[in-house]
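There are 2 protein chains.
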Amino acid sequence: MGIIVQKFGGTSVGSVEKIHHVANRVILEKEKGNDVIVVVSAMGKTTDELVRLAGEMTSRPEKREMDMLLTTGEQMSMSLLAMALQNRGYKSTSLTGWQAGIRTEAVFSNARITEVKTNRVESLLNEGRVIVVAGFQGMDENGEITTLGRGGSDTTAVALAAAINAERCDIYTDVDGVYSTDPRYVTGARKLNGISYDEMLELANLGAGVLHPRAVEFAKNYGIKLTVRSSMEETEGTLIEEDAPMEEHLVVRGVAFDKDIVRMTVVGLENELTGFPAVFSILAENHIDVDIIIQSKLDTGKVNLSFSIKESSLDETLQILGRHKDEIGYQEIEHETNLSKVSIVGSGMVSNPGVAAQMFSVLAKHEIQVKMVSTSEIKVSVVVDSNEMIKAANAIHESFGLNRSAVEA
Amino acid sequence: MGIIVQKFGGTSVGSVEKIHHVANRVILEKEKGNDVIVVVSAMGKTTDELVRLAGEMTSRPEKREMDMLLTTGEQMSMSLLAMALQNRGYKSTSLTGWQAGIRTEAVFSNARITEVKTNRVESLLNEGRVIVVAGFQGMDENGEITTLGRGGSDTTAVALAAAINAERCDIYTDVDGVYSTDPRYVTGARKLNGISYDEMLELANLGAGVLHPRAVEFAKNYGIKLTVRSSMEETEGTLIEEDAPMEEHLVVRGVAFDKDIVRMTVVGLENELTGFPAVFSILAENHIDVDIIIQSKLDTGKVNLSFSIKESSLDETLQILGRHKDEIGYQEIEHETNLSKVSIVGSGMVSNPGVAAQMFSVLAKHEIQVKMVSTSEIKVSVVVDSNEMIKAANAIHESFGLNRSAVEA
Numbered sequence: 001m002g003i004i005v006q007k008f009g010g011t012s013v014g015s016v017e018k019i020h021h022v023a024n025r026v027i028l029e030k031e032k033g034n035d036v037i038v039v040v041s042a043m044g045k046t047t048d049e050l051v052r053l054a055g056e057m058t059s060r061p062e063k064r065e066m067d068m069l070l071t072t073g074e075q076m077s078m079s080l081l082a083m084a085l086q087n088r089g090y091k092s093t094s095l096t097g098w099q100a101g102i103r104t105e106a107v108f109s110n111a112r113i114t115e116v117k118t119n120r121v122e123s124l125l126n127e128g129r130v131i132v133v134a135g136f137q138g139m140d141e142n143g144e145i146t147t148l149g150r151g152g153s154d155t156t157a158v159a160l161a162a163a164i165n166a167e168r169c170d171i172y173t174d175v176d177g178v179y180s181t182d183p184r185y186v187t188g189a190r191k192l193n194g195i196s197y198d199e200m201l202e203l204a205n206l207g208a209g210v211l212h213p214r215a216v217e218f219a220k221n222y223g224i225k226l227t228v229r230s231s232m233e234e235t236e237g238t239l240i241e242e243d244a245p246m247e248e249h250l251v252v253r254g255v256a257f258d259k260d261i262v263r264m265t266v267v268g269l270e271n272e273l274t275g276f277p278a279v280f281s282i283l284a285e286n287h288i289d290v291d292i293i294i295q296s297k298l299d300t301g302k303v304n305l306s307f308s309i310k311e312s313s314l315d316e317t318l319q320i321l322g323r324h325k326d327e328i329g330y331q332e333i334e335h336e337t338n339l340s341k342v343s344i345v346g347s348g349m350v351s352n353p354g355v356a357a358q359m360f361s362v363l364a365k366h367e368i369q370v371k372m373v374s375t376s377e378i379k380v381s382v383v384v385d386s387n388e389m390i391k392a393a394n395a396i397h398e399s400f401g402l403n404r405s406a407v408e409a
Numbered sequence: 001m002g003i004i005v006q007k008f009g010g011t012s013v014g015s016v017e018k019i020h021h022v023a024n025r026v027i028l029e030k031e032k033g034n035d036v037i038v039v040v041s042a043m044g045k046t047t048d049e050l051v052r053l054a055g056e057m058t059s060r061p062e063k064r065e066m067d068m069l070l071t072t073g074e075q076m077s078m079s080l081l082a083m084a085l086q087n088r089g090y091k092s093t094s095l096t097g098w099q100a101g102i103r104t105e106a107v108f109s110n111a112r113i114t115e116v117k118t119n120r121v122e123s124l125l126n127e128g129r130v131i132v133v134a135g136f137q138g139m140d141e142n143g144e145i146t147t148l149g150r151g152g153s154d155t156t157a158v159a160l161a162a163a164i165n166a167e168r169c170d171i172y173t174d175v176d177g178v179y180s181t182d183p184r185y186v187t188g189a190r191k192l193n194g195i196s197y198d199e200m201l202e203l204a205n206l207g208a209g210v211l212h213p214r215a216v217e218f219a220k221n222y223g224i225k226l227t228v229r230s231s232m233e234e235t236e237g238t239l240i241e242e243d244a245p246m247e248e249h250l251v252v253r254g255v256a257f258d259k260d261i262v263r264m265t266v267v268g269l270e271n272e273l274t275g276f277p278a279v280f281s282i283l284a285e286n287h288i289d290v291d292i293i294i295q296s297k298l299d300t301g302k303v304n305l306s307f308s309i310k311e312s313s314l315d316e317t318l319q320i321l322g323r324h325k326d327e328i329g330y331q332e333i334e335h336e337t338n339l340s341k342v343s344i345v346g347s348g349m350v351s352n353p354g355v356a357a358q359m360f361s362v363l364a365k366h367e368i369q370v371k372m373v374s375t376s377e378i379k380v381s382v383v384v385d386s387n388e389m390i391k392a393a394n395a396i397h398e399s400f401g402l403n404r405s406a407v408e409a
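Just so you know, the protein sequences line up as chains A and B, in that order. For the first sequence, counting from 1, position 249 maps to 249 in the UniProt record's numbering; every step adds exactly one. For the second sequence, counting from 1, position 89 maps to 89 in the UniProt record's numbering; every step adds exactly one.
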């Protein structure tokens, strides 16, 4: 019997009834003789409601105060779940992020976990208690409350699992597993029984949305077996581990897509040598995530530098680049919005050349223009017009034989 | 120019508009050149809503988890107020109880402040920031989040004022000051310009409800000038200090009343010597507040011991006394509910014998039966049937010349 970490997202704890239901799930695992640590997100729409309130205070709330405000959401749901467990006769203690020993870097709204001090959690587990931990939050070295950014509760769960050497980390969510693609948009999408960390990492990074990339990274680094499963149904879910067997005849595991991409172009960069590092270190300092990067040399000897960011970072990125114009040395900044990224992922690609070619020919057949490309050993991503994202995803998903009917046949 | 501590209660921060209004109040004080620390309660009905949620989890939530849940209320309002101040261009930082250095004893739901570590607040004040602190909460030596009990935000404000050597502590509330009695029930009630700590302490303890007794105690011990004033109107309020001048011809400052009193009687106490301390130490250990105490000797040599408690403590008191029956040694426990306490308070009483006599004769004239009596140098309290509480308060208030018309004449 080991330690199991369970994570329940906002939808799973979205109402009084659902919290009681989660308590049942927790008890099921506890009754198997396991020690259980539960990580919870804020109840359903709580976070949205808090964001709305903040918006009525000021149009640009400071990140520190936003973190202060938002972390109340998880503190609420964790104490309610602990009460529901106590109501069923189980000893339970809820802990905020800082009480559970989650230490982060000194960054608001998007901090990384630097350390997990497990002594308190361990001693409470030794008392036979079910520990309920607030996801998404931690404390920095100055005693400031920080948050881990979107999907941060997954990261909390996996970091705790790693630190406490848990047997497994179960991510309960409103879907029953990881799919070959998003079933809301692609009809043939099917649930995967298994997937490797690396593939999941690409899918998570590519916006599949089921799991936070940092959580997968943590799991990979510490070899924590992750499952993604439904909080509502008693089904198997998807197991994420180092070497997930590939189904026959397939080289691609899944197709992901992500809208609200912006292509930024730094036009007429004066000095390639100093300009490149300048742009990306300034963006990194400001915690702006850059994805695909492309450069093109002009006849003048100057260079254009293009990169993709999330649309939500657009305003900030424009401001930052504007502020550092002299330092970077460029003529102007252009940007194109209304773009999306579509990607194929699969560890089988390495040994199967021609996968990218197949992808491009499918897109060409459907007359979809490719605006940016990026590849890794296990993925190919293209940026297309947002209006063509769904069409592209469907065509690619079918072309690589991922459709439910194709596999079952 | 000194440090001013301002405290705003739940009604004062009850909506987005009201929080903006509070921000104005804070800025007014800041613009006078003062350093300002603001202590806030949870927004309006937040606490009630959280209590309701807890009730849907379990009928008997553990106090620790209740504290965990309820403290989110102040954390919300403090961050929202800090945002409202930032929106107006003022540097502001919100702090939870533990971040503001509020240390308490290791008791849930009703902890006392043991220490205030001011270093963080001081260094933030030195940066010219307005500090917004979550009232009602603190942290014990084990890193547990605790709450200070009803009205605890007042205590937070005064404790901070004392620790930081503030010039004044302003308690903003939905009434415009301390009244000679509760104006909702007694027509002639009038606002007092001043009142002494001791009188206020008796009034607060007697349920006048404007200020938490512990807050007044703290203010008295550290000589902090307190004002109680309206958060909505620009009026003077009531100043609470050591020696508040008495208005002419008056010996009584105010009349307080408090319903939901229960008279408990320990019938047939076997051993007076050991039984008395046993009863009260057991109740104290369980943090049950006992008010009036009366004993009566029976012919058998045994003793009946009566004492009054709040009705909310009745169930717990019955259980505790039942559990310790052998240890205390008694025949049975009786209790009478539906009782209320009516009290007169005034420092003038000491030098004016006959005050109690006047009170009893007024009650007799109105045929109100007195069930328990208790006196101190500056107060006389009687316990009466709850149905007669308002009648008694009105009669006494008028009899001691406290009515508005009487004083103005």
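All C-beta atoms, glycine included, are put in the ideal place defined by N, C-alpha and C.
DSSP, reduced to helix, strand and coil, places Met-246 (chain A) outside both helices and strands of the structure shown, so it counts as coil.
By the criterion of at least three beta-carbon pairs nearer than 8 angstroms, the region 311-320 of chain A is not in contact with the region 269-281 of chain A. Note: Asp-140 (chain A) is not bridge-paired with any residue in the DSSP secondary-structure output. Boundaries of the beta strand (DSSP E) around His-335 (chain B): 332-345. Glu-49 (chain A) and Leu-53 (chain B) have their C-alpha atoms roughly 17 angstroms apart. Proximity of Glu-56 (chain B) to chain A, defined by a Cβ-Cβ separation below 8 angstroms, is satisfied.
The beta carbon of Gln-86 (chain B) falls within 8 angstroms of a beta carbon belonging to chain A, placing the residue at that interface.
Residues Asp-140, Glu-141, Asn-142, Glu-144, Thr-146 of the same chain have their beta carbon placed closer than 8 angstroms to that of Ala-106 (chain A), with the five preceding and five following residues left out of the count.
The region 193-244 of chain A is shown to contain whole beta strand (DSSP E) runs of 3 or more residues at 194-196, 226-230, 238-241, in chain order. Neighbours of Met-349 (chain A) in chain B, taken as residues whose beta carbon is under 7 angstroms from its own, are absent, since the nearest beta carbon is some 47 angstroms off.
Within the region 87-147 of chain B, complete beta strand (DSSP E) segments of at least 3 residues are found at 92-95, 102-104, 113-116, 130-134, 137-139, 145-147, given in chain order. By the Cβ neighbour-count rule, Val-22 (chain A) is buried, with 16 or more other Cβ atoms within 10 Å of its own.
From the listed residues B:Ser-343, B:Arg-404, B:Ser-376, the smallest Cα separation to Ala-393 (chain B) is found for B:Ser-343.
At a cut-off of 8 angstroms between beta carbons, Thr-72 (chain B) contacts chain A. Contact with chain A is absent for Glu-49 (chain B), since none of that chain's Cβ atoms lies less than 8 angstroms from the residue's Cβ. Going by beta carbons, Leu-81 (chain A) and Val-158 (chain A) fall outside the 8 angstroms limit. In the structure shown, Ser-15 (chain A) falls within a coil segment according to DSSP collapsed to helix, strand and coil. A Cβ-Cβ distance of about 4 angstroms is found for the pair Val-132 (chain A) and Ser-94 (chain A), placing them in contact under the 8 angstroms criterion.
When rounded, the separation of the alpha-carbon atoms in Ile-292 (chain A) and Lys-341 (chain A) is 10 angstroms.
Gly-237 (chain A) and Arg-150 (chain A) have their C-alpha atoms some 22 angstroms from each other.
For Leu-269 (chain A), the pairing in a beta bridge is given by DSSP as A:Val-303.
Secondary structure at Gln-369 (chain B): coil, using DSSP grouped into helix, strand and coil. With contacts defined as CB atoms closer than 8 angstroms, Val-252 (chain A) and Phe-8 (chain A) fail to qualify as a contacting pair. Val-16, Ile-19, His-20: these are the residues of the region 15-28 of chain B whose beta carbon lies less than 8 angstroms from some beta carbon of chain A, given in chain order. Judged by DSSP in its simplified three-state form, Asp-258 (chain B) adopts strand.
Ser-308 (chain A) carries a strand assignment under DSSP once its states are collapsed to helix, strand and coil.
In the structure shown, Thr-156 (chain B) adopts helical secondary structure according to DSSP, grouped into three states.
For Arg-263 (chain A), the pairing in a beta bridge is given by DSSP as A:Ser-308, A:Glu-336. When the Cα atoms are used, Leu-402 (chain B) and Pro-183 (chain B) turn out to be separated by approximately 12 angstroms. With contacts defined as CB atoms closer than 8 angstroms, Ser-79 (chain B) and Arg-129 (chain B) fail to qualify as a contacting pair.
Arg-404 (chain B) is positioned such that its CB atom lies closer than 8 angstroms to that of Gly-188 (chain B). In this chain, Arg-184 (chain B) is not harboured by any alpha helix (DSSP H), its DSSP state being neither H nor E. For Thr-173 (chain B), the uninterrupted beta strand (DSSP E) run begins and ends at 168-173, by DSSP.
With contacts defined by Cβ atoms closer than 8 angstroms, Lys-391 (chain A) and Val-383 (chain A) do not form a contacting pair. Rounded to the nearest whole angstrom, the C-alpha separation of Val-303 (chain B) and Arg-263 (chain B) is 16 angstroms. Taking C-beta atoms as the reference points, Thr-96 (chain B) and Ala-42 (chain B) fail to come closer than 8 angstroms.
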